[in-house]
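**Student:**
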Amino acid sequence: MNATRPRRAVLALSGLNLAGKLLAIGKTLIIATLFGTSGVLDAFWVAYSLPLMLPNLLTTVITVAFVPRFVKSLEGRTGADVWRGANTLFTLAIGVSLLACAAVQLWTGALVHRLAPGLAPEDQQRAIGMIRLMLPCMLMLTVSSLLSALSNARERFLLPGLDGVVNNSAIILVALLLARDLGVRALIVGITLGFFVQLCILAVGNRDLFRSSLRPAFALGHPDFLRPLAHLLPLLVGSVGAMLTGLVDQYFVSRLDAGSISALTYATMMAMLPVEVFAQAIITSYYPALGRGVAAGDHAAVTMTWRNGQRLILLLTLPCAVLLVGLAKPIVIVLLEHGRFDDRSTALTVEAMSLLAIGMVFRSQAYFSYRVLHSMVRPWTQVFIGLAGVATCVGLNLVWAQRLGLRGVALSAVLSQLQSALIASLVVRRLLRAGAPAQRPASAPLLLPIGVLAAGVLLARVLVPASLYEASHRLWALACGFAALPAALAAFALAWRLGLPEALEIAAKLRTRRARARSTGES
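Residue numbers (our numbering): 627 to 1149.
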């Protein structure tokens, strides 16, 4: 496989994801300033998670099941008859979404009570009202998930990649304009607006398929419907299991002090940022190549793609984890400690974030290995790995969640993610062993710069005096960040000196840009 094309796609998607996540940071900053870690905001996060659960599930399930089938049977072909099986899948997905909307409308109160039993009664009522306001988002996001799957299968990654930019921009705009009048409900208006705009963008981008191929269909016996359906069932079970981890966390955290759900949400947003900016771009860009390799029976190509993706994920997520753990408190202070987000909110968020950032590396590796398993049409393997992780998370939370608080919930998540990453990697390595010799994804040229970065960040925290924190939290946080810059530069210089290919590539691009700027200035 030519590695240039996926890497270019990774670069473009990473740029879009980074823009979306920078906007997400701005959104989070505004939410923190307006609402802090309050019971009202806890109610919003409960309301936000429930209506979007099914669409998010469909996004993962249909994308992963549909892409390999598209590569095999639909790539380059158009027409309603050719697409009849795929259209049946899409029609049923929309029908399931409509039924789910009706079910949530009928049983909203019972669902909120089961998922967050520790919420105060008034906050439970707020959550029920906000869930019902968000029900139209279920259908919009379901259709968007189908169009995103089509775009990814056709390797048109740009349109789905705009999701974060569009949605976060809408939430920021509406929150700034309407939060004073509508309170936390302004966030729901912004979410709805963002989903609608993104749906329109995806519809316009796939208008050629609307004209030529996409029609309602109920051909339940069509091979292009039945074959992905066999893949969908285990994938659905596995994705439900993955979502159960978040619900388990929410269940246990709802029994802690008010504001704990909000603190865990902030911590998860910050800690998982590299997954969504870098790892997701790598996974999305490499997945079609994995599907093609499996379809061609070329296990050597699949192995090489998996190893390249693993290495790239480690290269991008390990430094991020070091910075997020070592600078957790300064980051939270600079980004979130405004308005109603006070010292208590900072302490709660840092407590969870410093652990979740470690789990981010494990989660990224596990997700990429899962895609290999799905490209090889071994979805039940991923199901068992994922459900084992959920069981571990539940068991550990029962042991220490109440005693250790947020720290215990975060630690349970990290250990379950480590377990999933290790098992998934071992299974994939065993399956691909005959195709190509296994290579170690992490080596001394990669780990030495990470060690330098970690030591430098720790030294920076030691050198900044505690008295500065007493004088000004913000000034202390900025001083910690600036003191860590030499460590980051030293780590990059060491990576370049050791001949790390990615570092050499970045250095070459920087030299090229500097030469262009110099020649432009001289002309």
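We put the CB at the ideal spot given by N, CA and C, even for glycine.
(1) If you draw a straight line from the C-alpha of LEU1074 to the C-alpha of ALA1121, how long is it?
(2) Just to confirm the assignment, what range does the alpha helix (DSSP H) spanning PHE821 have?
(3) Short of 7 Å in beta carbon distance, which residues of its chain neighbour PRO956, apart from the five on each side in sequence? Order them along the chain.
(4) Hey, SER1046 and LEU916 are a contact pair by Cβ (cut 8 Å); roughly how many whole angstroms apart?
(5) Could you tell me the alpha carbon to alpha carbon distance between VAL738 and SER880, rounded to whole angstroms?
(6) Counting C-beta neighbours from all protein chains within 10 Å, is the total for ALA1060 16 or more, i.e. buried, or is it exposed?
(7) Closest to LEU953 by C-alpha separation, out of ASP807, TRP671 and ALA893, would be which residue?
(8) Buried or exposed: PRO1063, going by 16 or more other Cβ atoms within 10 Å of its Cβ?
(9) Ignoring anything shorter than 4 residues or poking outside the segment 1049–1114, list the alpha helix (DSSP H) runs there in chain order.
(10) I'd like the span of the alpha helix (DSSP H) that includes HIS739, first residue to last.
(11) Taking the CB atoms as reference points, tell me whether VAL815 and LEU808 lie closer together than 8 Å.
(12) Please classify ASP807: does DSSP put it in a helix, a strand, or coil?
(13) Alpha carbon to alpha carbon, how far is LEU642 from ARG918? Give it in angstroms, no decimals.
(14) Would GLN1028 be called buried (16 or more neighbouring beta carbons within 10 Å of its own) or exposed?
(15) So the alpha helix (DSSP H) ARG1004 belongs to, where does it begin and stop?
(16) Alpha carbon to alpha carbon, what distance is there between ALA1050 and VAL1009?
(17) Expressed to the nearest angstrom, what Euclidean distance is found between the alpha-carbon atoms of ASP924 and LEU846?
(18) Determine, using beta carbons only, whether ILE823 and PHE670 come nearer to each other than 8 Å.
(19) Quick one, are the C-beta atoms of LEU961 and ILE651 less than 8 Å apart?
(20) Just the Cα atoms here: how many angstroms apart are MET627 and ALA927?
(21) On the premise that ASN778 lies in contact with GLY646, defined as a C-beta separation below 8 Å, what is that separation, rounded to the nearest angstrom?
(22) Within its chain, find whatever has a CB closer than 6 Å to the CB of ALA978; leave out the 5 residues flanking it on each side and keep chain order.
(23) Taking a contact to mean a Cβ-Cβ separation below 8 Å, would you say ASP668 touches ASP789 in this structure?
(24) Give the range of the alpha helix (DSSP H) segment to which HIS925 is assigned.
(25) Sort LEU944, PHE878 and SER774 by Cα distance to CYS1019 and report the nearest one.
(26) Between LEU776 and the rest of its own chain, which residues show a CB-CB distance below 6 Å, the 5 nearest in sequence each way excluded?
(27) Just tell me which of LEU1052, LEU899 and THR768 has its CA closest to the CA of THR717.
(28) From which residue to which residue does the alpha helix (DSSP H) around ASP749 run?
(29) For SER1093, count neighbouring Cβ atoms within 10 angstroms of its own Cβ and tell me buried if that reaches 16, exposed if not.
(30) Below 8 Å between beta carbons: does that hold for PHE783 and THR943?
(31) Please check the pair ALA753 and VAL672, which I expect to be a contact at CB under 8 Å, by giving their CB distance rounded to whole angstroms.
(32) Could you check whether ILE939 and HIS1099 sit closer than 8 Å to each other, using their CB atoms as the reference points?
(33) Roughly how many angstroms separate the alpha carbons of LEU982 and LEU1022, rounded to a whole number?
(34) I need the straight-line Cα distance from ILE887 to ALA742, nearest angstrom please.
(35) Which first and last residues belong to the alpha helix (DSSP H) in which MET582 is found?
(36) Does the beta-carbon distance from ALA1129 to VAL1078 come in below 8 Å?
**Tutor:** On the basis of the coordinates in this document:
(1) Roughly 8 Å between the two C-alpha positions.
(2) Counting along the chain, the unbroken alpha helix (DSSP H) around PHE821 starts and ends at 811–831.
(3) Hits under 7 Å: ALA1103, CYS1106 and GLY1107.
(4) In fact, because the Cβ distance is near 19 Å, the residues do not count as touching under 8 Å.
(5) If I take the Cα positions, the gap works out to 11 Å.
(6) Because the pLDDT at ALA1060 is just 42, under 50, the model does not fix this residue reliably, and the value given afterwards should be weighed accordingly. Counting Cβ neighbours within 10 Å, ALA1060 comes out exposed, since fewer than 16 surround it.
(7) Of the residues ASP807, TRP671 and ALA893, the one whose Cα lies closest to the Cα of LEU953 is ALA893.
(8) For PRO1063, the predicted model reports a pLDDT of 44, less than 50, meaning its position is unreliable and no value from the coordinates is stated.
(9) Complete alpha helix (DSSP H) runs here, min 4: 1070–1089 and 1092–1097.
(10) Start and end: 734–741.
(11) In this structure, the beta-carbon distance from VAL815 to LEU808 falls below 8 Å.
(12) In the structure shown, ASP807 sits in a helix (DSSP, three-state: H, G or I).
(13) Going from the Cα of ARG918 to the Cα of LEU642 covers about 25 Å.
(14) Exposed, since its Cβ has fewer than 16 Cβ neighbours within 10 Å.
(15) No alpha helix (DSSP H) holds ARG1004; DSSP gives it neither H nor E.
(16) For the pair VAL1009 and ALA1050, the Cα-to-Cα distance works out to about 11 Å.
(17) When rounded, the separation of the alpha-carbon atoms in ASP924 and LEU846 is 32 Å.
(18) It is worth fixing the name first, because residue 823 is Val in this sequence and not Ile. Contact flag unset, no.
(19) The beta carbons of LEU961 and ILE651 sit closer together than 8 Å.
(20) The predicted position of MET627 is uncertain, since its pLDDT is 47 and thus under 50; no value can be drawn from it.
(21) In this structure GLY646 is not in contact with ASN778, their Cβ atoms being roughly 16 Å apart against a cut-off of 8 Å.
(22) Taken in chain order, the residues that qualify are LEU890, ALA893, LEU1032 and ALA1036.
(23) The Cβ atoms of ASP668 and ASP789 lie no closer than 8 Å to each other.
(24) First-last of the alpha helix (DSSP H) with HIS925: 925–952.
(25) Measuring from the Cα of CYS1019, the nearest candidate turns out to be PHE878.
(26) Result list for LEU776: ASN832, in chain order.
(27) Among LEU1052, LEU899 and THR768, the Cα nearest to that of THR717 is on THR768.
(28) ASP749 -> alpha helix (DSSP H) spans 747–759.
(29) Under this definition SER1093 is an exposed residue.
(30) No; because the gap between Cβ atoms is not below 8 Å, this pair is not in contact.
(31) The C-beta distance from ALA753 to VAL672 rounds to 5 Å, short enough to fall under 8 Å.
(32) In this structure, HIS1099 keeps its C-beta atom at 8 Å or more from the C-beta atom of ILE939.
(33) Taking the straight line joining both Cα atoms gives about 15 Å.
(34) Distance from the CA of ILE887 to the CA of ALA742, rounded to the nearest whole angstrom, comes to 10 Å.
(35) Here the chain has residues from 627 to 1149 only, and residue 582 is not among them.
(36) Cβ atoms of ALA1129 and VAL1078: not closer than 8 Å.
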